[in-house]
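A.B. asks: In the working numbering, the protein residues as written are 625 to 1068. Yeah, the Cβ is synthetic: ideal placement off N, Cα and C, and Gly gets one too.
1) Along the chain, which unbroken stretches of the beta strand (DSSP E) at least 3 residues long are found entirely within the stretch 966 to 1016?
2) Of the residues 974, 892, 932 and 1031, which one's Cα is nearest the Cα of residue 992?
3) Would you call residue 1041 buried or exposed, if buried means 16 or more other Cβ atoms sit within 10 Å of its Cβ?
4) Which residue from 923, 693 and 669 puts its Cα closest to that of residue 847?
5) Is it the case that the stretch 956 to 973 contacts the stretch 1012 to 1021, given that we only count it when at least three CB pairs across the two stretches are under 8 Å?
6) Among 676, 987, 858 and 980, which one has its Cα closest to the Cα of residue 1002?
7) Based on DSSP bridge pairs, tell me the residues matched to residue 934.
8) Taking the alpha helix (DSSP H) that residue 1046 belongs to, which residues open and close that run?
9) Figure out for me which residue from 949, 944, 1007 and 1048 has the closest Cα to the Cα of residue 976.
10) Between residue 1074 and residue 1008, what straight-line distance do the alpha-carbon atoms span, to the nearest angstrom?
11) Threshold first: 3 residues or longer. Then list the beta strand (DSSP E) segments lying entirely within the stretch 652 to 709, N to C.
12) Just how far apart, CA to CA, sit residue 900 and residue 888?
13) Going by Cα to Cα distance, which pick from 1004, 646 and 1062 is closest to residue 875?
14) On a CA-only basis, which of 860, 657, 986 and 641 is nearest residue 931? Give me that one, please.
15) Scan the stretch 849 to 919 and note each continuous alpha helix (DSSP H) run of 4 residues or more that stays entirely inside, going in chain order.
16) Give me the DSSP bridge partner(s) of residue 768.
17) Would residue 719 be called buried (16 or more neighbouring beta carbons within 10 Å of its own) or exposed?
18) Among 842, 647, 628 and 904, which residue has its Cα nearest to the Cα of residue 1064?
19) Check for me: the beta strand (DSSP E) holding residue 1033 runs from which residue to which?
20) Under 8 Å Cβ to Cβ from residue 911, same chain only, skipping five residues before and after it: list those, please.
21) Check residue 1067 in the structure and name its three-state DSSP category.
22) Please return the same chain residues whose Cβ sits closer than 7 Å to the Cβ of residue 1050, not counting the five positions on each side in sequence.
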């Protein structure tokens, strides 16, 4: 019997999910636990593995459709089943007939029709490691996908891979710069056949859209829109900004990053410095780690640190639980792990809920600072700007001033003025600044 593919229940409160992409098409061979389709829920986006080995027999629910959990969205037939039917039919046709032949002359035997030629092995491989959009772009530019290196999960060829390959093959001149719209705002659509080759992507690929068209929001974008508006309506947002001299930490990182990676098997980034400084400050100012519950204030026992991660298709905030119990190395490993699994859609629903404070890093894209919206039900969020070199007035131990080139970052705190007073917010950020500028903790 065919195996049903069902919409899984990712967590207890989740009652439905939206199929955002099928990674296979009917007739494709699949292995058990191989990524089969992608879903989006109100908690997390995830890749769903195949429940059995065989052939994708039927897709019952198309992309972009939202269905209840446990709904059958497709079926898988085993290799034996798919081969058994034609074999049985052939044997039945060839079996001798027990009754005597009729008196009329026998009709000449009809030669069996030749079987359809099997698809070349490389074509099956291309389908297995590329999406329909990638194959469409390849056809438009006459590209053999077997020659395109894939950087996606399991060697899959991503849209960025094929666009980079096309750009390198055509060596097209650099396009005239146009206003860049972040890819978070629109889902990817197939590029029209008459379009020119896409420009080489910079930091993140620009989605293929047709100017003037209205495109539907993805499920994730709808959820982000809803939560951002709800947060603005719920919390009395106020922001403060502090300038922090990061020279000491920049020099420390430059000195230790090679040995840190060799010793621990993890890259040394700046994020755990900011997270650790925030944890120390939250322990001193627990109101910043609290939440409003009705007419009361919930003071959380632990610090569950939300780490905002920008994805090509949206924004997600995985949570580093009990971050206050981790040392510096544990923070670095936890932050790296959550970021990698967020980008590969491997997060579990419980890993994106329960935060008590959030850190977001717009500085990685060049922003000097940002004014982030609070991640509910948190009462505060810290934004990290880019680290840049600036001239600063430096005072030595004798009180003499001089101008020096220093590495500087601008940190902002968005806080809920309903329970956090401006004085407390400023004291909290002053504590973060003091911790970073006078860093003395072992980084492991």
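C.D. replies: Taking the geometry as given:
1) DSSP runs (the beta strand (DSSP E)) wholly in the stretch 966 to 1016: 981 to 984 and 1004 to 1008.
2) The residue you call residue 992 lines up with position 368 of the chain shown. It is 1031.
3) In the chain shown, the residue the question calls residue 1041 occupies position 417. Per the 10 Å Cβ criterion, exposed.
4) As a first step, residue 847 is located in the chain shown; it is residue number 223 there, counting from the start. Per the Cα distances, 669.
5) Result no; under three Cβ-Cβ pairs closer than 8 Å.
6) Position 378 of the chain shown, counted from the first residue, corresponds to residue 1002. Scanning 676, 987, 858 and 980 for the CA closest to the CA of residue 1002 turns up 980.
7) As a first step, residue 934 is located in the chain shown; it is residue number 310 there, counting from the start. Residue 934 is bridged to 939.
8) Position 422 of the chain shown, counted from the first residue, corresponds to residue 1046. Segment 1046 to 1061, the alpha helix (DSSP H) holding residue 1046.
9) Residue numbering aside, residue 976 sits at position 352 when the chain shown is read from its first letter. Of 949, 944, 1007 and 1048, the residue nearest in Cα terms is 944.
10) Because the chain here runs from 625 to 1068, residue 1074 falls outside it and cannot be looked at.
11) For the stretch 652 to 709, the continuous beta strand (DSSP E) assignments of 3+ residues that do not extend past its boundaries occur at 659 to 664, 669 to 673, 678 to 683, 690 to 692 and 696 to 701, in sequence order.
12) Indexing the chain shown from 1 puts residue 900 at position 276. Indexing the chain shown from 1 puts residue 888 at position 264. In this structure, the CA atom of residue 900 is about 18 Å from the CA atom of residue 888.
13) Your numbering for residue 875 matches position 251 in the chain shown. Considering only alpha carbons, the answer is 1062.
14) As a working mapping, residue 931 is identified with position 307 in the chain shown. Measuring from the Cα of residue 931, the nearest candidate turns out to be 986.
15) With a minimum length of 4 residues, the continuous alpha helix (DSSP H) runs that stay inside the stretch 849 to 919 are 871 to 888 and 895 to 908.
16) Start at 1 with the first residue of the chain shown, and residue 768 comes out as number 144. The partner list for residue 768 (beta bridge, DSSP) is empty, contrary to what the question assumes.
17) Your numbering for residue 719 matches position 95 in the chain shown. For residue 719, the predicted structure reports a pLDDT of 44, less than 50, and the residue's modelled location is therefore unreliable. The matter cannot be settled from this model.
18) Position 440 of the chain shown, counted from the first residue, corresponds to residue 1064. Distances from the alpha-carbon of residue 1064 to those of 842, 647, 628 and 904 put 904 closest.
19) On the chain shown, residue 1033 is found 409 positions in, with the first residue counted as 1. First-last of the beta strand (DSSP E) with residue 1033: 1025 to 1040.
20) For the purposes of this step, residue 911 is taken as the residue at position 287 of the chain shown. So the list reads 921, 923, 1003, 1043, 1044 and 1048, once near-sequence residues are dropped.
21) The residue labelled residue 1067 in the question sits at position 443 within the chain shown. Assigned with DSSP and collapsed to three states, residue 1067 falls in coil, not helix or strand.
22) For the purposes of this step, residue 1050 is taken as the residue at position 426 of the chain shown. The beta carbon of residue 1050 lies closer than 7 Å to those of 864 in the same chain, with the five residues before and after it left out.
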